[in-house]
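S.K.:
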Amino acid sequence: MALSKINPTILSSWKKLIQQFDKENNHHISDFFKEGDNRLDEFTINWNNFYVDFSKNRLSKNTFKLLTSLCKETNLKDNIDKYFNGAIINETEGRSVLHTALRSSGNDEVDKTLDKIINISDELNNAKRLGYTGKKITDVVNIGIGGSHLGPEMVTEALSYYSKGVKPHFISNIDSDFTSKILKDLNPETTLFIIVSKTFTTIETLENANKIRVWFIENASENAIKDHFIAISNNTEVPKKFGISPDNILSIPDWVGGRFSLWGSVGLVISIVIGSENFKDFLKGAHEMDIHFKNSPFEKNIPVVLALLSIWYNNFFKCETEAVLPYSQFLTKLPDYLQQASMESNGKSIDRSGKKVNYQTGSIVWGSTGTNAQHAFFQLMHQGTKIIPSDFIAFKSSLYGDSDQHEILNSNFLAQTNALMMGKSTSGEDIHKNIDGNKPSNSIVINKLDPFNLGSLIAMYENKIFTIGSILNVFSYDQWGVELGKSIAKEILLGNEDTLDKSTKKIREQLNE
Ligand code: F6P
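Heads up: the sequence shown begins at 176 in our numbering, then just goes up one per residue.
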């Protein structure tokens with residue numbers, strides 16, 4: 176029940192794609208529109224509250240057909256079934272990958288944890304669960320890093336419009352100045368701390384949690400820890416030693432990877448901030464996207480199409496990077512979140528058969544919000560030497576109802592994708608003002624930034640990541656590369672320098688001078 180182990184470059188679709196690339200790589204996107212009237216019918220997907228237009232890509236109909244053949248030749252359909260059915264697809268860690276089960280009911284463990292999340296958030300928001308002096312909890316601090324931080328912070332910020340009143344704070348980095356600054360403004364009587372660590376061994380999280388524990392005891396009391404600290408982990412012993420009451424320890428199943436964990440107990444802070452009903456909607460939206468991904472034909476399957484475009488640009492145009500550009504200031508943290516989800520997953524160079532790959536795997540994901548990004552790095556996108564395929568994300572309606580300003584925001588979104596594709600020819604005029612165009616983009620138009628649609632958007636990217644890994648024959652759900660640096664840092668702290676190179680040893684001396 177493992178995923179197929181097929182080197183994509185030996186397949187006939189891949190070989191034909193090489194020829195196709197040689198024939199078409201200089202074609203202008205605008206010319207592809209002349210291939211027939213139905214480009215928009217074929218290269219757009221209308222689904223639920225999403226309208227996805229991928230017609231502005233360096234993609235002919237023939238190339239698109241070959242890319243979908245690549246899905247078939249790599250057994251994508253079968254691999255998707257294995258992913259959803261709990262096969263051990265994270266082979267190097269011997270685990271299933273079932274974060275999708277966190278957003279569909281029917282699993283006892285999942286349902287029980289969801290009930291706990293709902294109870295805790297409802298009790299806090301209804302002032303039934305109070306601080307140790309009887310006051311309402313007004314602030315919640317999430318202590319965790321990587322997958323135990325990026326998703327919850329991104330989502331609470333993205334959905335801050337739906338806030339029920341409790342103010343979230345996030346402490347991730349091991350930067351005592353930052354932690355001290357956050358604590359300075361908090362009242363221990365009205366603050367809840369959630370320590371999130373799947374392993375409960377992550378040095379940053381444990382150090383920060385211990386620092387906060389000392390602060391809490393100094394400013395409140397050791398006895399009150401049971402009312403003010405919650406742990407989220409699949410290690411229950413260490414949180415107990417910390418003083419956390421067993422009732423306040425929520426588990427993370429083994430089959431949930433850190434970077435995909437926000438749908439379960441790791442999302443507690445989200446549910447507290449936006450309320451449990453909104454949290455349930457968030458899960459529903461993600462579940463709907465899973466159904467779309469499982470059942471739609473590849474040509475009309477949003478995550479699959481986005482994955483195929485990513486592979487096309489990364490492997491054939493050698494683009495290396497792709498940008499995510501949400502036209503909503505609330506989604507500032509989406510690129511950071513997707514960086515971990517994507518780069519920690521598909522940043523691999525050994526294939527599923529244990530061989531070094533001879534092609535590109537995960538690309539570099541980055542981005543920022545529009546219109547801010549227009550005034551920062553768009554110049555390079557328009558006139559630089561690189562091709563940066565990008566996802567432009569926009570919302571039809573504004574949250575607060577200022578439709579005039581929202582129209583200005585969205586006209587910028589439209590202008591940029593149009594300008595990237597069409598450019599501007601200045602024959603006879605100043606050559607510096609010439610803009611070639613032919614720069615690809617996807618437009619993802621969503622009705623409104625609400626919990627349901629955000630759930631769908633995140634699940635869309637998760638399923639894109641799965642598809643890229645599946646086709647490119649890598650294990651997407653381990654992260655051995657990150658482990659090496661962690662163990663060296665531990666050795667350095669212990670004073671074991673033998674294995675350090677000369678340059679690093681010298682820098683260490685400089686730091687300690
Ligand atoms: O950065 C590596 C990593 O293992 C991530 O995958 C994970 O999200 C993060 O560290 C935090 O791990 P934990 O939740 O166990 O503290």
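Even for Gly, the Cβ is constructed at its ideal location relative to N, Cα and C.
The structure displayed is predicted, hence computed values, not measured ones.
Out of curiosity, what's the CA-to-CA distance linking SER296 and VAL341?
M.R.: Approximately 10 Å, taken between the alpha carbons.
S.K.: Look at the alpha carbon of VAL371 and the alpha carbon of LYS359, and state the distance between them as a whole number of angstroms.
M.R.: Taking the straight line joining both Cα atoms gives about 21 Å.
S.K.: Use the C-beta contact count for VAL389: other C-beta atoms within 10 angstroms, 16 or more gives buried, fewer gives exposed.
M.R.: It counts as exposed.
S.K.: Give me, in chain order, the residues of the same chain whose beta-carbon lies closer than 6 Å to that of ILE292; leave out the 5 immediate sequence neighbours on both sides.
M.R.: Excluding sequence neighbours, ILE292 sits near LEU443, SER446.
S.K.: Taking 6 Å as the limit between beta carbons, can you name the residues of its chain near TYR307, skipping five residues before and five after?
M.R.: Only ALA399, ASP402 meet the Cβ criterion.
S.K.: Considering only their Cβ atoms, is the gap separating ILE264 from LYS257 smaller than 7 Å?
M.R.: Result yes, Cβ atoms of LYS257 and ILE264 sit closer than 7 Å.
S.K.: From THR411 to ASN221, what does the alpha carbon distance come to, in whole angstroms?
M.R.: Those two C-alpha atoms are separated by around 45 Å.
S.K.: Spatial neighbours of ARG278 within its chain, please: C-beta separation below 8 Å, excluding the five flanking residues on both sides.
M.R.: Result list for ARG278: TRP438, LEU458, LYS459, ALA461, HIS462, ASP465, GLY630, ALA634, in chain order.
S.K.: Let's see if you can read the secondary structure: which residues bound the alpha helix (DSSP H) around ASP465?
M.R.: 451–470 is the span of the alpha helix (DSSP H), which, as asked, contains ASP465.
S.K.: Suppose you measure from the CA of LEU242 to the CA of PHE404; what does that come to, to the nearest Å?
M.R.: Each residue's Cα considered, the two are about 50 Å apart.
S.K.: Using a threshold of 6 Å, is the CB atom of LYS373 nearer than that to any non-hydrogen atom of ligand 1?
M.R.: Flag set: Cβ of LYS373 near ligand 1.
S.K.: Tell me the rounded alpha-carbon separation between ILE643 and LYS252.
M.R.: Computed Cα separation, rounded: 13 Å.
S.K.: Which value, in whole angstroms, describes the spacing of the CA atoms of ARG214 and SER230?
M.R.: Distance between the alpha carbons of ARG214 and SER230: 7 Å.
S.K.: Given a cut-off of 7 Å, decide if LEU584 and VAL540 are closer than it, judged by their beta-carbon atoms.
M.R.: Against a cut-off of 7 Å, the Cβ pair of LEU584 and VAL540 comes out as no contact.
S.K.: Quick check: ILE568 and ILE619, are their CB atoms within less than 7 Å of each other?
M.R.: Result yes, Cβ atoms of ILE568 and ILE619 sit closer than 7 Å.
S.K.: With a Cβ-Cβ cutoff of 7 Å, do ASN593 and THR546 count as a contact?
M.R.: No, they are not a contact pair.
S.K.: Does the contact criterion of 3 or more C-beta pairs under 8 Å hold for the stretch 467–475 versus the stretch 515–533?
M.R.: The stretch 467–475, when compared against the stretch 515–533, does not touch it at the 8 Å Cβ threshold.
S.K.: Locate the alpha helix (DSSP H) running through ASN638, then write down its first and last residues.
M.R.: Counting along the chain, the alpha helix (DSSP H) containing ASN638 begins and ends at 626–646.
S.K.: Please check if any C-beta of chain C sits within less than 7 Å of the C-beta of THR249.
M.R.: Going by chain labels, chain C is absent from the structure shown, which holds only one protein chain.
S.K.: Return the residue from the list CYS246, MET556, SER280 that minimises the CA-CA distance to ASP456.
M.R.: Taking only the C-alpha atoms, the option nearest ASP456 is SER280.
S.K.: What is the rounded straight-line gap between the Cα of VAL441 and the Cα of THR374?
M.R.: Whole-angstrom Cα-Cα distance: 13 Å.
S.K.: Using DSSP's beta-bridge definition, name the partner residues of ASN265.
M.R.: Answer by DSSP bridge pairing, in chain order: ARG270.
S.K.: Give the DSSP bridge partners of ASP566, in chain order.
M.R.: Beta-bridge pairing links ASP566 to VAL499, ASN617.
S.K.: Sorted by chain position, which residues of the same chain lie with C-beta nearer than 7 Å to ASN628's C-beta, five sequence neighbours on each side aside?
M.R.: Excluding residues within five positions, the ones whose Cβ falls inside 7 Å are ASN224, GLY460, ILE621, ASN622.
S.K.: In whole angstroms, what separates the C-alpha of GLU328 from that of LYS508?
M.R.: In a straight line, the C-alpha of GLU328 is about 8 Å away from that of LYS508.
S.K.: Give every residue of the same chain whose Cβ lies closer than 6 Å to the Cβ of PHE491, excluding the five residues on either side of it in the sequence, and list them in chain order.
M.R.: The answer, listed in chain order, is PHE196.
S.K.: If contacts are defined as beta-carbon pairs under 8 Å, then GLY322 and ARG434 qualify, I think. What distance do you get, rounded to the angstrom?
M.R.: About 4 Å separates the two Cβ atoms, so the contact holds.
S.K.: Compare the beta carbon distance of ALA333 and PHE570 with 7 Å and say whether it is the shorter of the two.
M.R.: Taking 7 Å as the Cβ cut-off, ALA333 and PHE570 do not qualify as a contacting pair.
S.K.: Keeping to the same chain, check which residues put their C-beta closer than 8 Å to that of GLU284; ignore five residues upstream and five downstream.
M.R.: Counting only Cβ-Cβ distances below 8 Å, and skipping sequence neighbours, we find SER426, PRO428.
S.K.: Going by Cα to Cα distance, which pick from THR288, GLN580, GLU199 is closest to GLU409?
M.R.: At residue 409 the sequence reads Asn, which differs from the Glu that was named. Nearest C-alpha to ASN409: THR288.
S.K.: If we ignore side chains and look at the alpha-carbon of each, how far apart do VAL657 and GLU582 end up?
M.R.: Their Cα atoms are separated by approximately 43 Å.
S.K.: Closest to ALA498 by C-alpha separation, out of LEU589, ASN182, ASN617, would be which residue?
M.R.: The option with the nearest alpha carbon to ALA498 is ASN617.
S.K.: Assuming SER645 and ASN254 form a contact by the criterion Cβ under 8 Å, report the distance between their Cβ atoms to the nearest whole angstrom.
M.R.: Right, the Cβ-Cβ distance comes to about 4 Å (below 8 Å), so this counts as a contact.
S.K.: With ALA302 as the anchor, note down where its alpha helix (DSSP H) starts and where it stops.
M.R.: First-last for ALA302: undefined, no H or E at that position.
S.K.: For ILE663, which residues from the same chain have a beta carbon less than 6 Å from its beta carbon, with the 5 sequence-adjacent residues on both sides left out?
M.R.: Hits under 6 Å: none found.
S.K.: SER355 to THR365, Cα distance in whole Å?
M.R.: If you take the alpha carbons of SER355 and THR365, they lie about 17 Å apart.
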